[in-house]
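**Q**
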Amino acid sequence: MNLPPRQQQILELVRERGYVSIEEMAQLFVVTPQTIRRDINQLADANLLRRYHGGAAYDSSVENTAYAMRADQRRDEKQR
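Heads up, the sequence shown stops at 80 in the UniProt record's numbering, and the numbers go up one at a time, no gaps.
This is how it looks when you write it as structure tokens:
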């Protein structure tokens, strides 16, 4: 799928972090929250991520993430 650069970056960011808020993305990309919502809606309509109230998350059912990547996600939260 040929996505605009900002939407590609949003998708990569959500894949890396698992969940990202609309406000955080708006600040990061220096656009309005409405612009981010529109991008997220388009990505969600294409089943590339899942939209939640206040943000977006990567739906693990969309792609089976390799164990090495999953082990590295949220490393700080997993450490005891």
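By construction, the Cβ of each residue, glycine as well, lies at the ideal position given by its N, Cα and C atoms.
Please return the same chain residues whose Cβ sits closer than 6 Å to the Cβ of residue 62, not counting the five positions on each side in sequence.
**A** Counted from its first residue, the sequence shown places residue 62 at position 62. Because the pLDDT of residue 62 is 47, which lies under 50, any placement of that residue in the model is unreliable, and the number read from its coordinates should be weighed accordingly. Residues of the same chain with a CB within less than 6 Å of the CB of residue 62, apart from the 5 flanking positions on each side, do not exist.
**Q** Taking the alpha-carbon of residue 24 as reference, which of 47, 79, 44 and 54 has the nearest alpha-carbon?
**A** The sequence position of residue 24 within the sequence shown is 24, counting from 1. Ranking the options by Cα distance to residue 24, first place goes to 54.
**Q** Between the alpha carbons of residue 37 and residue 15, how many angstroms are there, rounded?
**A** The residue given as residue 37 occupies position 37 in the sequence shown. The residue given as residue 15 occupies position 15 in the sequence shown. Taking the straight line from one Cα to the other gives about 17 Å.
**Q** Beta-carbon separation of residue 57 and residue 48 under 8 Å?
**A** Sequence index remark: in the sequence shown, residue 57 carries index 57 (1-based). Sequence index remark: in the sequence shown, residue 48 carries index 48 (1-based). Against a cut-off of 8 Å, the Cβ pair of residue 48 and residue 57 comes out as no contact.
**Q** Under a three-way DSSP split, which group does residue 14 fall into?
**A** Sequence index remark: in the sequence shown, residue 14 carries index 14 (1-based). Correct three-state label for residue 14: helix.
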